Amino acid sequence: MTARSIIACLLSLSPITSVSLAAEPVALERYHFQSALMGTKFQIVLYSDDAGSAKKAADAAFELGQKVEDACSDYDPRSELMALMKPPATQQVSPLLADVLSKSLAIAQETDGGFDPTLGGHSWNWRRARTRGKLPTAQAIAAAQAISGWRNLTIDAQGRVTKGLPGMKLDLGGIAKGYAADLMLEELKRRGIRIATVAAGGDVRLGDPPPGQQGWRVGLKTLGSEPAKARAFIIVSNCAVSTSGDLHQFSVIDGKRYSHIVDPATGLGLTQRISATVVAPTATRSDALATASCVSDRFRALLLANKRAEKALIITLDKAGRPQQRRSADFPNIHTAP
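Read in order, the letters of the sequence shown are residues -22 to -1, 1 to 316 in mature numbering (1 follows the signal peptide of the UniProt record, and there is no 0).
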């Protein structure tokens, strides 16, 4: 998914004190690292008892994030994904790209195309439209539609990818950041750091809670949010949170507001004002499912009806511009702070 608006507010909560006869634990310090990846800012917050180990772990995690970008970017002409979009129709890909594509196709099937990695033609059309301030032509939309459809992309157990339509263009922007955040947190855990978060644009992957706290405080900024208003947040851990919508990324063309999220049915940006926040076990899933929740009425209804393990908060604007909120019954409690 592209950059979306979620704020990871990693603030202190009320500490939980306890009495123990065991040796006093080593004091953990909070460290913050950041790096530019995939057109946005990736941030790591972790707790460690050693500054050197903390930096080495963060550096290793950022290296993994760079590998995901090198494999999945549809902006960098040198990326593996860009090479895959060229002939021949069937190509061997790296284990990393094979894994991202496999997960993408599984979610495309699950959401009935609400998330679709083969909409690259529409994505490229819409990027040009946003830059030029002019809608794509009917011919351009039809041409993109003719090379789209997740059922026309297959991958076998050996990592061979087959594009069933000549000229098919792929776009992993709705899943790659979340996938990278998952890999990065797992790398931190592998190095013994379990109290950590990785924030990537509109996606955040969370590990164990900070010392003495119930969880990480993740701020929610959605439709209708204003700096002067109380900020909403949830307290969660060992999960992922992603928000998708048009709060920041939108264009006004011919007097009409369009989201950066492309509607597969029209080839244009969504015109419905909507924000979807999804809580899931992994950022790979929360990232892609937040996009699907904006696009697909059917999948959005399944989430809100608690028909999925993931939890959703959906906010739309009514005709008067007032936010209307719906959420899964088991969505985390929403708190507000002045």
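We put the beta carbon where it would ideally sit given N, CA and C, even for glycine. All values derive from a computational prediction rather than experimental measurement.
In chain order, what residues of the same chain have a beta carbon less than 8 angstroms from the beta carbon of Leu(-2), not counting five sequence neighbours either side? Because the pLDDT at Leu(-2) is just 44, under 50, the model does not fix this residue reliably, and the point stays unresolved.
Say whether the stretch 179 to 187 touches the stretch 229 to 244, bearing in mind that this needs 3 or more beta-carbon pairs closer than 8 angstroms, one atom from each stretch. no
Any idea which residues DSSP pairs Cys217 with across the strands? Leu184
Looking at the strands, I want to know which residues DSSP matches up with Arg138. In DSSP, Arg138 forms a bridge with Gln70.
With a floor of 3 residues, list each beta strand (DSSP E) that falls wholly inside the stretch 44 to 106, ordered by position along the chain. 68 to 70
At least three beta-carbon pairs within less than 8 angstroms, the stretch 87 to 94 to the stretch 273 to 283: yes
For Ser126, does the three-state DSSP call read helix, strand or coil? coil
Would you tell me roughly how many angstroms separate the C-alpha atoms of Ala29 and Gly179, rounded to the nearest one? 25 angstroms
8 angstroms Cβ shell around Pro144 - same chain, five flanking residues per side excluded: Ala67 and Ile125
Taking the CB atoms as reference points, tell me whether Met60 and Asp48 lie closer together than 8 angstroms. no
Please list, in chain order, all residues of the same chain as Thr109 whose beta carbon is under 8 angstroms from its beta carbon, the five residues on each side excluded. none
When DSSP labels each residue in this structure, what does Gln303 get in the three-state scheme? strand
Identify, in the order they occur along the chain, each residue of the same chain with its Cβ nearer than 6 angstroms to the Cβ of Ile85, setting aside the five sequence neighbours on each side. Phe93 and Ala266
Does the distance from the C-beta atom of Ile173 to that of Tyr9 stay below 8 angstroms? no
So with Cβ pairs under 8 angstroms, would you call Leu15 a contact of chain B? Within the model displayed, chain B is absent; a lone protein chain is all it includes.
Relative to the C-alpha of Asp224, which residue among Asn311, Ile292, Gln12 and Gly142 is closest? For the set Asn311, Ile292, Gln12 and Gly142, the Cα lying nearest the Cα of Asp224 is the one of Ile292.
Limits of the unbroken beta strand (DSSP E) element including Glu288: Glu288 -> no beta strand (DSSP E), and no H or E assigned at all.
Along the chain, where does the beta strand (DSSP E) containing Val273 start, and where does it finish? Counting along the chain, Val273 sits inside no beta strand (DSSP E); it lies in the alpha helix (DSSP H) bounded by residues Ala261 to Val273.
In angstroms with no decimal places, state the Cα-to-Cα distance between Val176 and Glu41. 13 angstroms
Can you find the residues in the same chain that come closer than 7 angstroms, C-beta to C-beta, to Leu161, ignoring five residues on each side of it along the sequence? Excluding residues up to 5 positions away in sequence, Leu42 and Val46 lie with their Cβ nearer than 7 angstroms to the Cβ of Leu161 in the same chain.
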